[in-house]
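Asks:
Protein chains: 2
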Amino acid sequence: MSDGSLDPEDWEALKRSFHAALDQAIDRLRDIGDAPVWRPTPDDVKARLTATLPHRGEPLDRVIDSFVADILPYGTGNTHPRFFGWVHGAGNTAGALGEALAALMNCNVGGRDHVAVYVERQVIAWCKEIFAYPAASSGLLTTGTSMGTVVALAAARDAKAGADVQKLGMAAAPRPLVGYASSQAHSAVAKAFDLLGFGRDALRAVPVDADFRLSLPALAEMIEADRARGAEPMAVVASVGTVNTGAIDDLAGLAALCRNEKLWLHADAAFGGLAVLIPDFAPALAALAEADSIAFDFHKWLQVPYDCGAVLVKDEAAHRAAFTDRRDYLASAKRGLAGGEPWFCDFGPELSRGFRALKVWFTLRTYGIDRLAAVIERNCRQAQRLGRLVAERRELELLAPVSLNIACFRFAEARDAASLDRLNEAIVAELQLRGIAAPSTTRIGGRTAIRVNLTNHRTSDADLDLLVDAVCRLGRELSARSAPPGAGEGR
Amino acid sequence: MSDGSLDPEDWEALKRSFHAALDQAIDRLRDIGDAPVWRPTPDDVKARLTATLPHRGEPLDRVIDSFVADILPYGTGNTHPRFFGWVHGAGNTAGALGEALAALMNCNVGGRDHVAVYVERQVIAWCKEIFAYPAASSGLLTTGTSMGTVVALAAARDAKAGADVQKLGMAAAPRPLVGYASSQAHSAVAKAFDLLGFGRDALRAVPVDADFRLSLPALAEMIEADRARGAEPMAVVASVGTVNTGAIDDLAGLAALCRNEKLWLHADAAFGGLAVLIPDFAPALAALAEADSIAFDFHKWLQVPYDCGAVLVKDEAAHRAAFTDRRDYLASAKRGLAGGEPWFCDFGPELSRGFRALKVWFTLRTYGIDRLAAVIERNCRQAQRLGRLVAERRELELLAPVSLNIACFRFAEARDAASLDRLNEAIVAELQLRGIAAPSTTRIGGRTAIRVNLTNHRTSDADLDLLVDAVCRLGRELSARSAPPGAGEGR
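From first to last, the protein sequence lines are chains A and B. In terms of the numbering used here, the first sequence opens at residue 1 and continues consecutively. In terms of the numbering used here, the second sequence opens at residue 1001 and continues consecutively.
Written out as structure tokens, the structure is:
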């Protein structure tokens, strides 16, 4: 070992530092239920986090102390049982260990012949099992569904453009390329259409039915109209669990339509797709197997630490053709480290890739998919139960049917619509600021909703009872405070 | 804590498992110099890594045993002092601890108001210091330079297209958009041109000079010719350390040209840009500050564990405009967890983002940038020294000038050109298969080169002596073996 290396002089001391630091992070997880869900980062911490580039190093133990004091207590909050915001997974300890070991191994999984490649292939094979995808399909771990959708739509674009757009650019397409998703689709889909050069307008927002599912008749009409005006319909993106309400598009219907119309069906299954693992949703989600591509997240409902998603593409050749471009310095070899074909860098935009497969491997091996499915099942049951709790309270109003794991409701006793919106925003902010719970907000039918998403293995039924009580209490407290003197409730 | 959670029943046992697993991974790092650089993954391991999706879990300690036996010994090899392949960083233990802690915290750094956002902002501010970038510029941590380049070129595209291509697509650009990079530019640049809808042909390959640097006169002519035929020159991508030979384009010259021609100058500084930290290269690299955007990697020469890169964009508004698209469910709030503007998801394609800033923060705090710069300096000195060692050996031939940290040479005693190519490929494969060292190969001027890249803090001068001896020994051994009976050397 050269003297100038970054390796420690005392390896046993390094181990002790690792143990001490990780023990404190583990203790925090153990006791997380007793802590506030979220607390703002204090101003003095923020100030310290503006220190300039360190020129000289510090002993590792001092850096750890700084981490424990300034960083560890002020995280996103999603490890807490009463974190219900957006769609965040809660993480898990076995997966965290996998990530720690991956960091020490420091593999680059862009390609070549080494064990990390085989681990990622195994994880991809497990994904195919989950969605009953054919063994000959291809897949890639990504930072999340956003990038998975970019990768899938790039393959769709290149397969459907009617010209060699990879070489000649999008302007070479003989007709304007258009795609479809419901008006409830995630913004990541529009961002992908932008990034890939279709433009956001090329993603048509298809109206939804009363359950917030894409309307098939409306889609059929839009395709016909687009063809009539000379555009080239190319792909449909199914929302498999919308972020607003958890709505799941009619996958079998979409698959049949796309087959007939020769469109690429991509499933944005970020969290909802995993409900295929539980009996209540397996029938509706079985048709995921008919999609041309699926993107989903491990870091949401499968509780793998951030970040990790995956994309599966049924047509391996189309997937590879969209991304392969190897130069001399990346030539593969029959023997040695440069073997290992196919390389993962041929299936996505990244040439260097981390070993995110290992945290997935640790998570799935340690808990097994059945136990992870039980978390999904419990979360769905909890959402239904929350819907009933809301219905039982005079002062609360459910704003959308509970279809998966999301309940959107509001505190409904106030003077007028505008003040109700402000009141519910204030309730959510106070829940967060007081550390009680962390739902988020959204707009449903023009009204501000308190949005409770359940993708959290630590949430118990009691946590939801506590939430409902707190919303009602805060609603009364805040509406009393904001009411002008003498203003009656009847206004 | 609910009974159904994935948390362990015995937290102290969990800590012991973490300690035992990490100690074994740390021991392996400590003893890495005694192990083969690389060894093929054994067939029985590969077979076990085809096991189907686990339905029931296993005790964590059994998963750890399986990891230690089947995965830990068979990594990419880049933690070894004699790994010289491609451009891989060697990792570091403080950064690995940061990653482990990030995995336990499980923050989502897509946005909102929590400490991980402040840590990433600090890391981005440090990046600006390194490259003397203005404080008002924007930045984002990415999986690497490939994605950093996509992000930067998306901002360039939207700023320069002459139409609202985000909304209307690339076909709306009034003239065909073209960009330029040297013929030695990394394939990630062409992949970015493809992904963003320009098409690969829209990236013009500018000829290089004898030192493999982009020819400015040739570039000026190409721009003029493109304009003459109605195309719209938009961006130039400077190679700051080519992967073949480490060549650095004339940044000051490119900056002046781009200013005059109103082109966006993007610097692909994956590893070479960091040489700005050392006196020999600081003058040539100072003009990086004039680029409109810079993408570079932490996981290469700064030794942060995979994956982590960064992109800086001078025009914050252009950067943000290229990616922002927030829906109701992502609305920010003045108070609470939904504060924290600006959100990182507004500066890149990802809505969920891991806390990769923490491993950078641990690395920079623990070692300080001066010690990391000393690694860079030593690697450059080692490349020069290797060049001299090659020159001293009659049987070796240097194939390109050593300009940064890369030496390309070959064993040159054989019968004819074709057999020399095969012989050098065989030498590299044998070096890898015997676990002696792991250089890679490339083609330089139509000839197969043994390519030695030094971005490794563990490499000592003795490791390079050993490499040169081994190449000569293997060259003689393999050429003797492959020579047909009676064939003379003079053939």
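Yeah, the Cβ is synthetic: ideal placement off N, Cα and C, and Gly gets one too.
(1) In whole angstroms, what is the alpha-carbon distance linking residue 42 of chain A and residue 1111 of chain B?
(2) With the cut-off set at 8 Å, would you say residue 1179 of chain B and residue 1240 of chain B are in Cβ contact?
(3) Taking the straight line between their C-alpha atoms, what separation do you get for residue 238 of chain A and residue 73 of chain A?
(4) Suppose you measure from the CA of residue 1273 of chain B to the CA of residue 1004 of chain B; what does that come to, to the nearest Å?
(5) Mind checking who residue 408 of chain A pairs with in its DSSP beta bridge?
(6) What is the rounded straight-line gap between the Cα of residue 286 of chain A and the Cα of residue 131 of chain A?
(7) On the three-state DSSP scale, how would you describe residue 186 of chain A?
(8) According to a CB-to-CB cut-off of less than 7 Å, which residues of the segment 411-422 of chain A neighbour chain B?
(9) When you compare the CB of residue 187 of chain A with every CB in chain B, is at least one pair closer than 8 Å?
(10) Please look up how many angstroms separate the CB atoms of residue 70 of chain A and residue 56 of chain A, rounded, as I've assumed it's under 8 Å.
(11) Roughly how many angstroms lie between the CA atoms of residue 1464 of chain B and residue 1471 of chain B, to the nearest whole one?
(12) For a contact defined as C-beta to C-beta under 7 Å, what are the partners of residue 1108 of chain B on chain A?
(13) Can you tell me whether residue 1010 of chain B is buried or exposed, with buried defined as 16 or more other CB within 10 angstroms of its CB?
(14) Are three or more beta carbon pairs between the segment 246-261 of chain A and the segment 209-221 of chain A nearer than 8 Å?
(15) I need the DSSP call for residue 1266 of chain B, collapsed to helix, strand or coil.
(16) Can you look up residue 148 of chain A in the DSSP assignment and give me helix, strand or coil?
(17) So if I threshold CB-CB distances at 7 Å, which residues from the segment 1363-1397 of chain B count as touching chain A?
(18) So, using beta-carbon positions, are residue 118 of chain A and residue 1086 of chain B closer together than 8 Å?
(19) Just to confirm before moving on: does the CB-CB distance between residue 1024 of chain B and residue 1063 of chain B stay below 8 Å?
(20) What residue does the alpha helix (DSSP H) around residue 105 of chain A start on, and which one ends it?
(21) Would you say residue 157 of chain A and residue 140 of chain A are within 8 Å of each other, going by their C-beta atoms?
(22) What's the call for residue 262 of chain A, buried or exposed, on a 16-neighbour Cβ count within 10 Å?
(23) Suppose the cutoff is 8 Å on Cβ atoms and the five residues either side in sequence are ignored; what does the same chain contact list for residue 18 of chain A look like?
(24) I need the DSSP call for residue 1293 of chain B, collapsed to helix, strand or coil.
(25) Would you kindly work out how many angstroms separate the C-alpha atoms of residue 1188 of chain B and residue 390 of chain A, rounded to a whole number?
(26) In the structure shown, what three-state DSSP assignment does residue 395 of chain A receive?
(27) Grab me the residues of residue 99 of chain A's own chain with a C-beta within less than 6 Å of its C-beta, minus the 5 sequence neighbours each way, in chain order.
(28) Can you give me the C-alpha to C-alpha distance between residue 20 of chain A and residue 28 of chain A, rounded to a whole angstrom?
(29) So, does the segment 346-363 of chain A touch the segment 1277-1295 of chain B, judging by three or more C-beta pairs under 8 Å?
(30) Using only alpha-carbon positions, find the residue among A:265, A:36, A:30, A:124 that is nearest to residue 361 of chain A.
(31) Excluding sequence positions up to five away, which residues of its chain have a Cβ less than 8 Å from the Cβ of residue 458 of chain A?
(32) Could you list the residues in the segment 140-165 of chain A with a C-beta less than 7 Å from some C-beta on chain B, going in chain order?
(33) So residue 205 of chain A contacts chain B; which residues on that side make the cut at Cβ distance below 7 Å?
(34) Is the CB-CB distance between residue 104 of chain A and residue 1369 of chain B below 8 Å?
(35) If we ignore side chains and look at the alpha-carbon of each, how far apart do residue 1014 of chain B and residue 1113 of chain B end up?
(36) Starting from residue 569 of chain A, follow the alpha helix (DSSP H) in both directions and report where the run begins and ends.
Replies: By the coordinates alone:
(1) 17 Å
(2) no
(3) 38 Å
(4) 50 Å
(5) A:451
(6) 8 Å
(7) coil
(8) none
(9) yes
(10) About 19 Å separates the two Cβ atoms, so there is no contact after all.
(11) 10 Å
(12) 76, 78, 88, 306
(13) exposed
(14) yes
(15) strand
(16) helix
(17) 1364, 1365, 1366, 1367, 1368, 1369, 1370, 1371, 1374, 1375, 1378
(18) no
(19) no
(20) 93-105
(21) no
(22) exposed
(23) none
(24) strand
(25) 52 Å
(26) coil
(27) 305, 359
(28) 13 Å
(29) no
(30) A:124
(31) 32, 33, 79, 80, 81, 90
(32) 143, 144, 146, 147, 150, 154, 165
(33) In chain order: nothing, as chain B lies at least about 12 Å away.
(34) no
(35) 31 Å
(36) Because chain A in this structure spans residues 1 to 491, residue 569 of chain A falls outside the shown range and cannot be described.
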